[in-house]
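A.B. asks: The structure under discussion is supplied below as structure tokens; questions concerning it will follow.
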Amino acid sequence: MVIGWIGTGIMGGAMMCHIQAAGHEVYAYNRTKAKALAYEKKGIIVCDTIAECVKNADVIFTMVAYPQDVEAVFEEIFANAKAGSIAVDMTTSSPTLAKQLYEKGKQKEIAVLDAPVSGGDSGAKAGTLSSMVGGDSAVYEKVLPLFQRMGTPHYMGECGCGQHTKACNQICVAGAVAAMSEAIYYARRNHLDEAKMLEAISTGAAGSWQINHTAPRVLAKDFAPGFFIKHFIKDMHIIQSVMKEQGQRLEMLDSVCAIYEELAKQGYENDGTQSLIRYYEGNSEESV
Ligand code: NAP
30 MVIGWIGTGI
40 MGGAMMCHIQ
50 AAGHEVYAYN
60 RTKAKALAYE
70 KKGIIVCDTI
80 AECVKNADVI
90 FTMVAYPQDV
100 EAVFEEIFAN
110 AKAGSIAVDM
120 TTSSPTLAKQ
130 LYEKGKQKEI
140 AVLDAPVSGG
150 DSGAKAGTLS
160 SMVGGDSAVY
170 EKVLPLFQRM
180 GTPHYMGECG
190 CGQHTKACNQ
200 ICVAGAVAAM
210 SEAIYYARRN
220 HLDEAKMLEA
230 ISTGAAGSWQ
240 INHTAPRVLA
250 KDFAPGFFIK
260 HFIKDMHIIQ
270 SVMKEQGQRL
280 EMLDSVCAIY
290 EELAKQGYEN
300 DGTQSLIRYY
310 EGNSEESV
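Be aware that the sequence shown starts at 30, since it is given in the working numbering, and climbs by one per residue.
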């Protein structure tokens, strides 16, 4: 198959490589071209424009950053992709936008799926991401072998259901990452061996992906982004706007979001989400 891949950042670059390793011809485009060029030696064909990237593609994947990026990129896809192609947005984006893109795609005879993922930068590299897919089931079946190269896909129902499922995922992540950070902070204040504490609780009822994958980065004082704080704030704002339309709010999510907004204000928006520990440690480099 001919594949068009747009967005070769932390997640997209690694995910694209699994598709290429399955023997497909992959054309890639990234806003900052150098990031796509890094994959040229693996056999990825790097394009200067989105038009060039998608014009012959049977399936197009997008893994960009914010809903506004998705919107901009899809405008180009709709203008340049061939009728009968499939466009899959894997960005964590808005369910409302997913529905709009599905409808616009219909007019252009381009089938659209929303398929955000979970499993972090390590899951993207290992090909173990959980993908949550919304759209027509017949279209999902066609893309299934490609999703399976990147991990474990889940068909969630009509367009928008993928993004709604990812929202549920991010609600749980908010609680889990805050709980993990608070446990480490408590352990520090009470002179426990932090690594031993994490080992002990990881196999009990408090065990979580955040404890297994994110906590070691906290202990190593490694704040480099696997998952950017700025992107997590984006996800929580999407969830808040969905709830607001329904006259509802989620208290735990709102609290975690406010903490991350505070960290972003202090200049940590490009840190990984493990940087939450800074909030508890008074944001001082020496104390964490
Ligand atoms: P990232 O490293 O910033 O990657 C996004 C990439 O998209 C960047 O290379 C960016 O190019 C490119 N891009 C943005 N707008 C574009 C446009 N208009 N045209 C072409 N390329 C464009 O972020 P990431 O960590 O891979 O995350 C990508 C998405 O997945 C986000 O929505 C995030 O919330 C979600 N996600 C992330 C994780 C994780 O653990 N990292 C896990 C699950 C889901 P530039 O280099 O020019 O900025």
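Idealized CB from N, CA, C, for every residue including glycine.
For clarity, every value in this text was computed on a predicted model and none was experimentally measured.
Measuring alpha carbon to alpha carbon, tell me which residue in Ser123, Ile79 and Asp87 is nearest Glu104.
C.D. replies: Cα-wise, what sits closest to Glu104 is Ile79.
A.B. asks: Tell me which same chain residues have a C-beta within less than 6 Å of the C-beta of Ala235, skipping the five on either side of it?
C.D. replies: For Ala235, where only same-chain residues beyond five positions count, there are no Cβ hits under 6 Å.
A.B. asks: My output table needs one value for His220: the three-state DSSP class, helix, strand or coil.
C.D. replies: In the structure shown, His220 sits in coil (DSSP, three-state: anything other than H, G, I, E or B).
A.B. asks: Which partner residues does Tyr56 have in the DSSP bridge list?
C.D. replies: For Tyr56, which the question treats as bridged, DSSP gives the partners Gly33 and Ile74.
A.B. asks: If we call anything under 8 Å between Cβ atoms a contact, is Lys84 one with Gln49?
C.D. replies: No. Outside cutoff.
A.B. asks: Using DSSP bridges, identify the partner residues of Ser160.
C.D. replies: Note: Ser160 sits in a beta bridge opposite Val146 and Pro182.
A.B. asks: To which residues of the same chain is Ser313 closer than 6 Å at the C-beta, ignoring the five residues directly before and after it?
C.D. replies: Only weak support exists for where Ser313 lies, its pLDDT of 46 falling under 50; the value from the coordinates is given anyway. Cβ neighbours of Ser313 beyond the five flanking positions: none.
A.B. asks: Closest to Arg60 by C-alpha separation, out of Ser160, Cys82, Asp165 and Leu175, would be which residue?
C.D. replies: For the residues Ser160, Cys82, Asp165 and Leu175, the minimum Cα distance to Arg60 belongs to Cys82.
A.B. asks: Under 8 Å, do Gly164 and Asp143 count as touching if we go by C-beta distance?
C.D. replies: Result yes, Cβ atoms of Gly164 and Asp143 sit closer than 8 Å.
A.B. asks: Quick one: is Arg218 buried, meaning 16 or more other Cβ sit within 10 Å of its Cβ, or exposed?
C.D. replies: Exposed, by the Cβ-count rule.
A.B. asks: Examine ligand 3 and report whether any of its heavy atoms sits within less than 7 Å of the Cβ of Met209.
C.D. replies: The model depicted lacks ligand 3 and carries ligand 1 instead.
A.B. asks: Decide if Gly186 is buried, meaning its Cβ has at least 16 other Cβ atoms within 10 Å, or exposed.
C.D. replies: The residue in question, Gly186, is exposed, as its Cβ has fewer than 16 Cβ neighbours within 10 Å.
A.B. asks: Can you give the Cα-Cα distance for Leu248 and Ala229, rounded to whole angstroms?
C.D. replies: Taking the straight line joining both Cα atoms gives about 15 Å.
A.B. asks: Ligand 1 heavy atoms versus the CB of Ala203: any closer than 7 Å?
C.D. replies: No, since every heavy atom of ligand 1 falls outside the 7 Å radius drawn around the Cβ of Ala203.
A.B. asks: Can you tell which of Ala155, Lys250 and Phe90 has its C-alpha closest to the C-alpha of Thr30?
C.D. replies: Reading the sequence as shown, one finds Met at residue 30 and not Thr. Comparing Cα-Cα distances from Met30 to each of Ala155, Lys250 and Phe90, the minimum goes to Phe90.
A.B. asks: Between Ala253 and the rest of its own chain, which residues show a CB-CB distance below 7 Å, the 5 nearest in sequence each way excluded?
C.D. replies: Answer for Ala253: Gly301, listed in chain order.
A.B. asks: Over the uninterrupted alpha helix (DSSP H) stretch that includes Phe107, give me the two end residues.
C.D. replies: Taken as a continuous stretch (DSSP letters only), the alpha helix (DSSP H) holding Phe107 covers Pro96 to Asn109.
A.B. asks: To the nearest angstrom, report how far apart Gln129 and Met161 are at their CA atoms.
C.D. replies: So the two alpha carbons sit approximately 18 Å from each other.
A.B. asks: Which whole runs of the alpha helix (DSSP H) in the stretch 225 to 258 are 4 residues long or more, in chain order?
C.D. replies: You should have 244 to 248.
A.B. asks: Who are the Cβ neighbours of Met44 in its own chain at under 6 Å, not counting the five residues just before and after it?
C.D. replies: Excluding positions up to five away in sequence, the list reads Ala153 and Met179.
A.B. asks: Should Val271 be listed as close to ligand 1, given that the test is whether its C-beta is under 7 Å from any heavy atom?
C.D. replies: Not under cutoff, so the answer is no.
A.B. asks: Just confirm the distance between the C-beta atoms of Ile258 and Leu292, as a whole number of angstroms; I'd bet it's less than 8 Å.
C.D. replies: That belief holds up - the Cβ atoms of Ile258 and Leu292 are roughly 6 Å apart, short of 8 Å.
A.B. asks: With Val117 as the anchor, note down where its beta strand (DSSP E) starts and where it stops.
C.D. replies: It spans Ile115 to Asp118 - the beta strand (DSSP E) in which Val117 sits, taken as one unbroken run.
A.B. asks: Using the DSSP secondary-structure output, state which residues sit across from Thr61 in a beta bridge.
C.D. replies: Answer by DSSP bridge pairing: none, since Thr61 is not bridged.
A.B. asks: Should His260 go down as buried or exposed, given a rule of 16 or more other Cβ atoms within 10 Å for buried?
C.D. replies: By the 10 Å Cβ count, His260 comes out buried.
A.B. asks: Would Ala57 pass as an interface residue toward chain D - the criterion being a Cβ-Cβ separation below 8 Å?
C.D. replies: No chain D appears in this structure, which consists of one protein chain only.
A.B. asks: Could you check if Ser160 belongs to the surroundings of ligand 1, using beta carbon to heavy atom distance under 7 Å?
C.D. replies: No, since every heavy atom of ligand 1 falls outside the 7 Å radius drawn around the Cβ of Ser160.
A.B. asks: Given the structure, does Asp150 come close to ligand 1, in the sense that its CB is under 7 Å from one of the ligand's heavy atoms?
C.D. replies: Correct: Asp150 has its Cβ closer than 7 Å to ligand 1.
A.B. asks: On the criterion of 16 or more Cβ atoms from any shown chain inside 10 Å, does Tyr215 qualify as buried, or is it exposed?
C.D. replies: Exposed, by the Cβ-count rule.
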